[in-house]
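Here the numbering used here = 1-based position in the sequence shown + 7.
Below: one structure, written as structure tokens.
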Amino acid sequence: MSSLNVLRYSALALGVVVGLKTDINLQCSAKKHVEEDAYQKQVALVKEAKAEWAKLHPPKVTKSTTATEVNLEDPNLDYAAVILNAVESLKST
Numbered sequence: 008m009s010s011l012n013v014l015r016y017s018a019l020a021l022g023v024v025v026g027l028k029t030d031i032n033l034q035c036s037a038k039k040h041v042e043e044d045a046y047q048k049q050v051a052l053v054k055e056a057k058a059e060w061a062k063l064h065p066p067k068v069t070k071s072t073t074a075t076e077v078n079l080e081d082p083n084l085d086y087a088a089v090i091l092n093a094v095e096s097l098k099s100t
């Protein structure tokens, strides 16, 4: 009879251990799910803020200088842009 009790209590202890392990795993996955939801909300908020900022601050349109528009007397002349446009025009021909 004592071996039956040992077997019975061993099964009970095993069930308790497995139940605790399962409970801990479920709590951990629920916590990760809550953290992931909070992170996704922050990502969505950042995307929304970037879109709103882009709407409020439109990109500046730069005037491209072509070979016909080059004024060497202009003090604000961007020599690098003139050279790059000349190189691009040579590549396109």
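Where is the CB? At the ideal position from N, CA and C, for every residue including glycine.
From a predicted model like this one, the values you see are computed outputs, not experimental measurements.
- Linking E59 to Q47 through their CA atoms gives a straight-line distance of about 18 Å.
- For N83, the three-state secondary structure derived from DSSP is coil.
- Taking the Cα positions, K57 is about 12 Å away from Q49.
- In the displayed model, V94 falls within a helix according to three-state DSSP.
- DSSP places H40 in the uninterrupted alpha helix (DSSP H) bounded by 9-63.
- The alpha-carbon separation between E42 and D30 amounts to approximately 18 Å.
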